[in-house]
Amino acid sequence: MKSICVLPGDGIGPEVIDSAVKVLEKATDQLEFVHADIGGAAYAKHRSYLPDETFDLMKTCDSCLFGAVTSPDGPDQGSPVLRFRKELDLYANVRPVRTLVEVPNRPSIDLVLIRENSEGMYTQDEVFDDGGVTTRRRVTRRASERIVRFAIEYAKLNGRQKITCVHKSNVLRASDGLFLSVFREAMNSKGAGLKSEEQLVDSAAMKLVVEPRVFDVIVTLNLYGDILSDVAAGVAGGLGFAPSGNIGPKHSVFEPAHGSAPDIAGKGVANPTAAILAGAMMLKHLGLTRPASNVEKAVADVYSTGHLTVDIGGRHGSRSFTDHVIGVLEGGKRQ
Ligand code: ATP
């Protein structure tokens, strides 16, 4: 049995995580779920967006399934997401994006974006003075080596052919230059069998929109990965299609790449696909590969038989889409 800490969070988090848990329960009897508070609900009860009880559970469970939190207001409240990524040493953020259903005027896409998750322009390291604010952006050899090595191993394990390093070293010569030189060294020493490419972040953004099939695995710095994964999700149909895994040496947290989407919360129209596929990523990470691929196939089946979610012009809300996925899984055997 594997223990899963379930963190629904705010906005559409509880809706899409409820869908994911229902699907996972149908796919396997090898998981036990423990629920914990994070975000606004946690603050209301414990005056903390990430209470100690929750954080302890995240550390002791085999993995975590997280919805989303609405970013806390106020200078004294750091992001609970940045805190758990840092304190659990979740240095790799893995975001697969794949076309599941043809969207008019958008090319098909099938790539995995691997984002450095521990430093760069995403650590809220901001210093105020009379004239303005300075944001510090640190790039280290150690973190760059770790993420590039992770990307190489991931590509080999998952049958991917090519890794593209996305950077801006023509302007950020020292910092992005370090990331790029680490990439070149690692591909030379460990990347045998993989094709190596380099791309400036601005042109990578354009290519993602017009010609996304040139990408296979992308490895990039923190903020570029954050932005480009939303671009890629948009090409595949929207934010409801992109799952995400935060992975470290000991711990892991899987989540939809989207946020709490307060504009559609409680309306029953959130697309649960990203959360369900995040659940499948978690199964795979825990070694439950058969149920993981059953879930992925069931989701693909539902789309291919014309059951579309509201965000891409269909009529299915979270619940009815989830029922269809479960229906397909019921046709197969529980693992
Ligand atoms: P946050 O600050 O928590 O990131 P946000 O609203 O700025 O919240 P997202 O939550 O990522 O950012 O949502 C951006 C838009 O994408 C939302 O307005 C919402 O309409 C849409 N969206 C996000 N996730 C989904 C989903 N699962 N299904 C349908 N639409 C979604």
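One gets my numbering by counting positions in the sequence shown from 1 and adding 926 to each. Backbone N, C-alpha and C define an ideal beta-carbon position, used for all residues, glycine too.
When only Cα atoms are considered, Val942 and Gly1192 end up about 11 Å apart. Taking the Cβ of His1184 as the reference point, at least one heavy atom of the ligand ATP falls within a distance shorter than 8 Å. Taking the CA atoms as reference points, Phe1105 sits about 19 Å from Gly1174. For Asn1197, the distance from the CB to the nearest heavy atom of the ligand ATP is below 8 Å.
Put simply, the region 1198-1206 does not touch the region 981-988. Fewer than three CB pairs are less than 8 Å apart. Uninterrupted alpha helix (DSSP H) stretches at least 4 residues long and entirely within the region 1115-1186 occur at 1127-1136 and 1148-1162, given in chain order.
Per DSSP, Gly1058 is one residue of the beta strand (DSSP E) stretching across Gly1058 to Thr1061. For the pair Val1092 and Leu1126, the Cα-to-Cα distance works out to about 6 Å. Comparing alpha-carbon positions, the option among Asp1156, Leu1008 and Gly1103 lying closest to Arg1024 turns out to be Asp1156.
Nearest Cα to His1233 within the set Asp1249, Asn1220 and Ser1129: Asp1249.
The three-state reading of DSSP puts Ala1191 in coil, since its state is none of H, G, I, E or B. With contact defined as three or more Cβ pairs closer than 8 Å, the region 1159-1166 and the region 1014-1028 are in contact. Rounded to the nearest angstrom, the gap between the Cα atoms of Tyr969 and Pro977 is 8 Å. For Glu1256, the number of other beta carbons within 10 angstroms of its own is below 16, and it is reported as exposed.
Exclusion of the five residues before and after Pro1006 leaves Ile964, Gly965, Tyr975, Leu976 and Val995 as the residues of its chain whose Cβ lies within less than 7 Å of its Cβ. Exposure of Asn1096 is indicated by the presence of fewer than 16 other C-beta atoms within 10 angstroms of its C-beta.
Between Asp1036 and Val1059, the alpha-carbon positions lie close to 39 Å from each other.
Residue burial is scored here from C-beta neighbours: Lys1116 has fewer than 16 other C-beta atoms within 10 angstroms and is therefore classed as exposed.
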